[in-house]
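The working numbering applies: residue 5 is where the sequence shown begins, and numbers increase by one. Please read the structure below before turning to the comments.
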Amino acid sequence: MSDRPDPFVSVIFPTRRRREYLRVALESVASQVRAHRGELLVVEDDPADPATERLTADHGARYLSHGAPRGLNAARNTGAAAARGTLLCFLDDDVRAWPGWLSALLTAEERCPEHLVFGGPIRADLENTNLHACGREPLPVTSLDLGPEDHDAEFAWGANLTLRRRAIDMAGGFDESLDLYGDEEDLQRRLRAKGGRVRYVAAAGVDHRRAGPDARLNALATAAYRRGRNSRRYDGRKHAMPALSAEMRTLVGCLVHTVRYRCGNGIVMTAHTAGRLREALAPLPQPPAAADPDFLSGESGTLNRRSRTSGAARDAVADLLSAPDRRQLRRAARREPPRRRVLVVSIGRPEHAAVTAAAVAELETSRHDVAIRVLPPKPGAGKWVNLNAALAAQPLESEDWLLLLDDDVVLPVPFLDPFLFAAERFGLRLAQPAHAYNSNAAWRVTRRRPGVLARTTSFVEIGPVTALHRDTFATLLPFPDLHMGWGLDVHWAALAAERDWPLGIVDATPIRHTRPVASAYPRERAVAEATTFLAGRPYV
Numbered sequence: 005m006s007d008r009p010d011p012f013v014s015v016i017f018p019t020r021r022r023r024e025y026l027r028v029a030l031e032s033v034a035s036q037v038r039a040h041r042g043e044l045l046v047v048e049d050d051p052a053d054p055a056t057e058r059l060t061a062d063h064g065a066r067y068l069s070h071g072a073p074r075g076l077n078a079a080r081n082t083g084a085a086a087a088r089g090t091l092l093c094f095l096d097d098d099v100r101a102w103p104g105w106l107s108a109l110l111t112a113e114e115r116c117p118e119h120l121v122f123g124g125p126i127r128a129d130l131e132n133t134n135l136h137a138c139g140r141e142p143l144p145v146t147s148l149d150l151g152p153e154d155h156d157a158e159f160a161w162g163a164n165l166t167l168r169r170r171a172i173d174m175a176g177g178f179d180e181s182l183d184l185y186g187d188e189e190d191l192q193r194r195l196r197a198k199g200g201r202v203r204y205v206a207a208a209g210v211d212h213r214r215a216g217p218d219a220r221l222n223a224l225a226t227a228a229y230r231r232g233r234n235s236r237r238y239d240g241r242k243h244a245m246p247a248l249s250a251e252m253r254t255l256v257g258c259l260v261h262t263v264r265y266r267c268g269n270g271i272v273m274t275a276h277t278a279g280r281l282r283e284a285l286a287p288l289p290q291p292p293a294a295a296d297p298d299f300l301s302g303e304s305g306t307l308n309r310r311s312r313t314s315g316a317a318r319d320a321v322a323d324l325l326s327a328p329d330r331r332q333l334r335r336a337a338r339r340e341p342p343r344r345r346v347l348v349v350s351i352g353r354p355e356h357a358a359v360t361a362a363a364v365a366e367l368e369t370s371r372h373d374v375a376i377r378v379l380p381p382k383p384g385a386g387k388w389v390n391l392n393a394a395l396a397a398q399p400l401e402s403e404d405w406l407l408l409l410d411d412d413v414v415l416p417v418p419f420l421d422p423f424l425f426a427a428e429r430f431g432l433r434l435a436q437p438a439h440a441y442n443s444n445a446a447w448r449v450t451r452r453r454p455g456v457l458a459r460t461t462s463f464v465e466i467g468p469v470t471a472l473h474r475d476t477f478a479t480l481l482p483f484p485d486l487h488m489g490w491g492l493d494v495h496w497a498a499l500a501a502e503r504d505w506p507l508g509i510v511d512a513t514p515i516r517h518t519r520p521v522a523s524a525y526p527r528e529r530a531v532a533e534a535t536t537f538l539a540g541r542p543y544v
């Protein structure tokens with residue numbers, strides 16, 4: 005490990021005026037960090053506290069302060085920005101790291117260069133508590149035990165979370181709008197969507213402490229109630245909220261557990277479920293948000309379980325009623341337009357390989373001359389940088405159409421022949437297939453309209469499926485070096501208006517976008533990129 009930069013590892017503690025907890029945490033890691041020539045940082049999510057600053061200095065750590073509370077994830081982002089290491093270890097301020105914690109992480113990091121996230125055991129430690137627990141359920145403090153061996157895991161928890169710096173860059177940092185629940189899970193979901201892997205390191209453990217009044221039953225139940233409210237809110241963000249009846253059954257089960265086993269932990273579990281029910285019946289008001297920029301739709305378009313089911317039913321009815329028209333369209337598309345040259349480009353992530361393969365198989369059935377390039381994403385590069393790289397490797401020469409295809413799209417059967425027939429019949433220069441009802445789509449104008457072949461619009465999306473006619477290549481290519489590309493569609497619309505290019509949506513070939521918009525990156529980062537890109541550029 006001698007060839008690593010100095011410091012290679014940064015250990016970061018977000019905190020908020022919890023000096024006694026922080027003292028134990030710093031004592032447990034300071035010597036380990038010195039032994040590996042790392043650095044220690046403490047980020048105060050509050051106005052600066054001289055006593056905490058002195059404590060931090062006593063352990064050889066740097067002290068940073070927000071000046072006002074901004075939240076746990078904001079403190080993590082502040083620490084990551086200030087850290088000099090390329091391996092970032094985030095610890096809660098109420099943990100005690102095990103001896104050898106850092107050595108185990110560094111060994112795992114070196115042995116697993118393809119992994120982006122590392123975590124280890126988190127053992128609950130209630131000091132001098134009055135909680136009587138029967139032992140059938142875990143203690144009411146975040147804990148994790150995935151066994152005695154190192155292996156891949158779905159998630160690591162934020163109390164003991166280590167990231168390579170490039171993971172922060174890929175994910176765009178922690179989402180600062182999240183509070184208390186889902187804060188670290190959200191970032192890992194974005195990383196996993198890009199192929200990132202998580203490694204559980206069995207020897208890199210910490211004790212998760214509750215001490216003094218915090219270890220008493222009343223405080224544990226109060227904290228559980230708050231976590232319950234936040235967990236229900238985060239379930240809503242993921243569109244995975246259980247039905248109210250399921251929450252009620254859980255509450256009854258917790259009450260029965262409390263009485264049957266004379267278990268104080270049942271009281272805490274009851275408080276947690278009560279918090280979830282309270283949030284379901286009377287949601288806490290969300291912090292006021294600034295108005296969305298005018299280049300956004302104002303809607304997420306993300307399906308939940310109910311809208312997905314109802315959307316699938318509406319699609320089935322629409323398909324049944326439009327079956328005669330679709331048969332006629334398929335017959336016409338066998339003859340017109342003349343055989344075209346089409347280049348299809350897609351950036352394919354491994355986790356979407358099956359969906360991409362099905363789309364490619366469908367495109368290959370076309371009567372047109374179709375060339376398909378599916379390339380893996382370049383690590384750290386955005387969609388549009390990757391698309392430019394793909395087009396540089398295969399320049400457009402005699403192609404009539406360029407089709408941009410996301411890797412999480414289900415195409416109808418048949419797709420390309422009727423789609424091109426309709427696009428050319430309407431003289432479109434930028435075209436997209438409509439979204440099915442059972443599709444994640446942010447713009448209402450892009451939803452399918454039964455009984456309509458196609459329609460001209462003043463706007464088309466940049467994905468998940470977009471077709472560019474050869475007349476647009478000189479103006480639109482190469483694409484701007486953007487990551488997410490928000491705002492590019494409204495800029496294209498302005499360019500099209502200037503050049504009298506017809507734009508439109510083909511309703512006869514509705515596609516299904518399987519993943520929510522912005523599921524692989526923070527929405528705030530996409531908005532910021534779009535704001536910068538559109539500054540000084542025309543858009544509609």
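No residue lacks a Cβ here, since even glycine has one placed at the ideal position from N, Cα and C. Note that the structure is predicted; figures quoted are calculated from it, not measured.
Can you say whether residue i is buried or exposed, counting buried as having 16 or more other CB atoms within 10 angstroms of its CB?
i: T450; result: buried
i: Q36; result: buried
i: Q332; result: exposed
i: G104; result: exposed
i: E533; result: buried
i: G3; result: The requested residue 3 does not occur in the structure, where the chain is confined to residues 5 to 544.
i: E24; result: exposed
i: Q192; result: buried
i: A293; result: The pLDDT assigned to A293 is 43, lower than 50, so where the model puts this residue is not dependable, and the model offers no usable value.
i: D504; result: exposed
i: P287; result: exposed
i: P125; result: buried
i: R233; result: buried
i: A84; result: buried
i: V260; result: exposed
i: E188; result: buried
i: M5; result: Because the pLDDT at M5 is just 45, under 50, the model does not fix this residue reliably, and the value given afterwards should be weighed accordingly. By the 10 Å Cβ count, M5 comes out exposed.
i: N134; result: exposed
So who's on the other strand from residue i, going by DSSP bridges?
i: T460; result: G508
i: L26; result: According to DSSP, which records beta bridges pairwise, L26 is partnered with nothing at all.
i: H261; result: Its beta-bridge partners do not exist; DSSP assigns none.
i: E428; result: None; E428 has no bridge partner.
i: F122; result: T166, R203
i: R545; result: An answer regarding residue 545 cannot be provided, because it is not within the stretch 5 to 544 covered by the chain.
i: Y67; result: V46
i: A219; result: None; A219 has no bridge partner.
i: R516; result: V414
i: F419; result: In DSSP, F419 forms no bridge with anything.
i: R451; result: H439
i: T148; result: For the sequence presented, residue 148 should be read as Leu rather than Thr. I126.
Hey, could you find the ends of the beta strand (DSSP E) residue i is sitting in?
i: D129; result: 126-130
i: T470; result: 469-473
i: R100; result: 99-101
i: P18; result: 13-19
i: L165; result: 164-168
i: Q436; result: 434-439
i: V46; result: 43-48
i: R72; result: According to the sequence as given, residue 72 is Ala; it is not Arg. It is not in any beta strand (DSSP E) - A72 carries neither H nor E in the DSSP assignment.
i: R377; result: 373-379
i: D156; result: 155-157
i: F94; result: 91-95
Could you give the first and the last residue of the continuous alpha helix (DSSP H) run that contains residue i?
i: V531; result: 527-538
i: N269; result: 268-285
i: T111; result: 105-115
i: A55; result: 54-62
i: W405; result: From DSSP, W405 is part of no alpha helix (DSSP H) but of the beta strand (DSSP E) over 405-409.
i: L288; result: It is not in any alpha helix (DSSP H) - L288 carries neither H nor E in the DSSP assignment.
i: V389; result: 387-397
i: Y196; result: The displayed chain sequence assigns Arg, not Tyr, to residue 196. Run containing R196: 187-197, per the alpha helix (DSSP H) assignment.
Any heavy atom of the ligand NAP closer than 7 Å to the beta-carbon of residue i?
i: G232; result: As presented, the structure is devoid of all ligands, the ligand NAP included, so that no description of it is given.
message: With a threshold of 8 Å, are at least 3 pairs of Cβ atoms found where one atom belongs to the segment 354-373 and the other to the segment 412-420?
response: yes
- prompt: Of all the alpha helix (DSSP H) runs that stay within the bounds of the segment 479-505, which reach a length of 4 or more residues?
  reply: 492-503
Contained beta strand (DSSP E) runs [length at least 3] in the segment 320-368, N- to C-terminal order: 345-351
field: Contact between the segment 28-35 and the segment 55-70 (3+ Cβ pairs under 8 Å)
entry: yes
- prompt: Okay, do the segment 93-106 and the segment 160-173 touch, 3+ Cβ pairs below 8 Å being the bar?
  reply: yes
query: Below 8 Å, can you find three or more Cβ-Cβ pairs linking the segment 524-531 to the segment 451-470?
result: no
task: Indicate whether the contact test is met: 3 or more Cβ pairs, each with one atom in the segment 343-357 and one in the segment 190-201, closer than 8 Å.
output: yes
query: Touch check for the segment 400-409 and the segment 460-476: three-plus C-beta pairs under 8 Å?
result: yes
message: Could you check whether the segment 277-287 touches the segment 311-320, counting it as contact only if at least three pairs of C-beta atoms, one from each stretch, sit closer than 8 Å?
response: no
- request: Check whether the segment 314-327 touches the segment 372-391, taking contact to mean three or more Cβ pairs, one atom from each stretch, closer than 8 Å.
  value: no
message: Check whether the segment 468-483 and the segment 387-404 touch, using three or more Cβ-Cβ pairs below 8 Å as the test.
response: yes
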